[in-house]
Structure formats: structure tokens, C-alpha cells
Amino acid sequence: MGNSIFDQLPISQYIYLCCVLFAIGLFGVLYRRNAIVLLMCIELMLNAVNLLFAAFSSYMGDSNGQVFVFFIMVVAAAEAAVGLAILVMMYRNTRSTDVSLMDKLKG
Amino acid sequence: MNPNYIFTLLAFITILCALYVVISKNPIHSVIALILTFFSISAHYVLLNTQFLAIVNLIVYAGAIMVLFLFVLMFLNLNKETEPVKSTSWLTAAAIASGCLLVVLVATLREGSELVMKSPNGHAGLVKTLGKLLFSKYLVPFELSGILFLAAMVGAVFLGKKKGDDDQDELIIQDNAGGNNG
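From first to last, the protein sequence lines are chains D and U. Sequence positions in the first sequence follow our numbering and run 2 to 108. Sequence positions in the second sequence follow our numbering and run -13 to 168.
Spelled out as C-alpha cells, the structure:
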């Protein structure tokens, strides 16, 4: 293997892949109603951004971007823990994880 | 072997699994597909020669977070539930919105491919390099992330705690919420 894979693989391919992944995650957030699947789609979007960070970091030969990916992972782990705790509480109160039931603030 | 072939194969696996996460009616299948997606993204990290991220992605995402999801899913016993399907107008609206975002993102980010590649540094993704960076330049954020984890842990335990029997007010609120939707 040579110094870098970008001699043969253009960075634009990674950009397209990450955009598609992000759009799939957004579609899931808009379309699904199960709160646990919504959380999973958010994880998907975070991973698309992480992959783009890593691709550009590798492309520029700069390690700082990978540190940012590490911090995004930290925040995602905390977010998943708190989000799932909220979900369990919501299930305990309404016996459902359907987010469309959560419309008490609607005027 | 040409990295183009490996990339194309991995990209197909990633996108198919991600689509199955969104499309699948059964949440358990969604979780399994998401784990496969994370594994293929880890393979992408290996292809990019960012070894630290590949390992951390496997441990944190595929290991910890997805086990948490799976555990909550089993705990809530949702696997037999068939969720009510949104109407096709929702489907078209969501598809159009995410399609527009995709077009905008691609149009914006494709300028990034015109960046001039700096001299490739094969050590950029090694554990040694990142560890030195993490414990010198990013020491304060690293310690702050420990505090963030502590706060998240306290919050999760507090939210997940069952209400005490002596707390009558909260029980009444709970009953009201259950009665409204039941």
C-alpha cells in the first residue's frame, strides 16, 4: 500500500457517500414515528459527519480532525444514554414510544 | 488491489444497511442493520488508515451504544409491535425534504474536492499521534468530556429511576398520563 489511498481514490467519492448517508438519516428522522428508531437515525447522521471528518483529516494529513471525531463520539454516547433514559420514562408514562403522542405543547 | 473496488463495495454495504435501518418495520432489525452499518464504517476508517478511529468506532458504537439500544428494545418489549404507518403524503414530504438537503449538501461540499492535497502523512491516524495530541493540545476538552459523561450518567440514572411509593403527587401525574392515552 502506498502513502495514501487518495492517489487512486478521489475525495469526492467520500463526500458523495457521506451526503447520501446524512440524507438517509434525515429521511428516517422525518418519516419514522418510533422514538427509538429516531435516535438510531440521529446516530446514523452523526456517523456520516464522522466519516467525512476522518476522510478530510486523512486527505490533509492532519490529526486534528480525528480528535474532533473522538469528541463527537463522546457526545453521541452521552446523548444516547440520556435519550434512552427519557425514552424509558416516556414508555412508562404512555405505554408507547410513538413520538406523535408527544404533542401536549401543541396550541 | 485497487482501493476503488474496496470503496465501492463498502459504500454499497453501508448505504444498503442504512436504508434498511430506516425502512425496516421491526426495530430489532433496524438495530442489527445499524450495527452492520457501523462495522462497514469502521472498515472505511481502516481504508483511510485511521486505525484509532476504527477501533474506537467498534468499541463505542457497535459495542456500547448499540448494546444499550438493544437492551432498551428488549426491556420495552417492542419487537412484536407494529407501529402505525404514516400516510404516503408524509413519505413524499420526507423524501422531497431529504432529497433537497442531499442536493444542497453535494453542491456545497463538492468544492472541497478541489482542495490541494498536502503531503500525505501516514502517521496521522495512529494511536501514538492521536494520544500525544489528546493529552497535550486537547487536554482540557478531554477532561471536560469526563465531566460530561458523569453528568450524563447521573441524568440517565435519575430519569430511569422508578418513582417512590411515598411520592403521591408523581403517581397521580403518572396515572393521568396513562389514562389520557390508554
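Glycine included, every Cβ here is placed at the ideal spot set by N, Cα and C.
Item to complete: Measuring only between beta-carbons, confirm whether Asn(-10) of chain U sits less than 7 Å from chain A.
Response: Structure shown: chain A not included; protein chains present are D and U.
Worksheet item: Counting only runs that start and end within the region 22 to 72 of chain U, where is the alpha helix (DSSP H) found for 4 or more residues in a row?
Response: 37 to 42, 52 to 62
Discussion item. Is the beta carbon of Phe128 of chain U closer than 7 Å to that of Leu134 of chain U?
Written reply: no
Worksheet entry | Val8 of chain D, DSSP secondary structure in three states | One detail in the question is off: residue 8 of chain D reads as Asp in this sequence, not Val. Residue state, collapsed to three classes: helix.
Worksheet entry | Sub-7 Å separation of Leu33 of chain U and Ala86 of chain D beta-carbons | no
Discussion item. Just list the residues that DSSP pairs Asn35 of chain D with in beta bridges.
Written reply: D:Asp99
Discussion item. Distance cutoff 7 Å, beta carbons only. Does Val83 of chain D sit that close to anything in chain U?
Written reply: Yes, Val83 of chain D lies at the interface with chain U (some Cβ there is under 7 Å from its Cβ).
Item to complete: Could you check what DSSP says for Leu173 of chain U in three-state terms: helix, strand or coil?
Response: This structure gives no information on residue 173 of chain U, because the portion of chain U shown stretches from -13 to 168.
Worksheet item: Relative to chain D, which residues along the region 5 to 38 of chain U have a C-beta separation below 8 Å, given in chain order?
Response: Per Cβ criterion, the list reads Leu5, Val7, Val8, Pro13, Ser16, Val17, Leu20, Thr23, Phe24, Ile27, His30, Tyr31, Leu33, Leu34, Asn35, Thr36, Phe38.
Worksheet item: Cα separation between Gly117 of chain U and Asn35 of chain U?
Response: Looking at the two C-alpha atoms, the distance is approximately 16 Å.
Practice prompt. Could you run through the region 27 to 44 of chain D and flag, in chain order, every residue whose CB is less than 8 Å away from some CB of chain U?
Written response: Leu27, Phe28, Gly29, Leu31, Tyr32, Arg33, Arg34, Asn35, Ile37, Val38, Leu40, Met41, Cys42, Glu44
Fill in: Any 3 or more C-beta pairs closer than 8 Å across the region 25 to 33 of chain D and the region 44 to 55 of chain D
yes
Worksheet item: DSSP on Ile(-1) of chain U, reduced to helix/strand/coil?
Response: helix
Worksheet item: Apart from the five residues on each side of it in sequence, which residues of its chain come closer than 8 Å, Cβ to Cβ, to Phe54 of chain D?
Response: Gly66, Gln67, Phe69, Val70, Ile73
Discussion item. Taking CB distances under 7 Å as the criterion, tell me whether Ile25 of chain D reaches chain U.
Written reply: yes
Practice prompt. Please report the residue range of the alpha helix (DSSP H) in which Phe144 of chain U lies.
Written response: 125 to 146
Fill in: CB contact check: Leu22 of chain D to chain U, cutoff 7 Å
yes
Discussion item. By the DSSP assignment, the alpha helix (DSSP H) with Ser10 of chain U in it spans what residues?
Written reply: Counting along the chain, no alpha helix (DSSP H) covers Ser10 of chain U, and no H or E run does either.
Practice prompt. Just confirm the distance between the C-beta atoms of Pro13 of chain U and Asn51 of chain D, as a whole number of angstroms; I'd bet it's less than 8 Å.
Written response: The pair is not a contact, with the Cβ atoms about 23 Å apart (cut-off 8 Å).
Fill in: Interface flag, Leu44 of chain U vs chain D, CB-CB below 7 Å
Residue contact with chain D for Leu44 of chain U: absent (no Cβ-Cβ distance below 7 Å to any residue of chain D).
Worksheet item: What in chain D is Cβ-close to Ile(-1) of chain U, meaning under 9 Å?
Response: Correct list: empty, because the minimum Cβ distance to chain D is about 11 Å.
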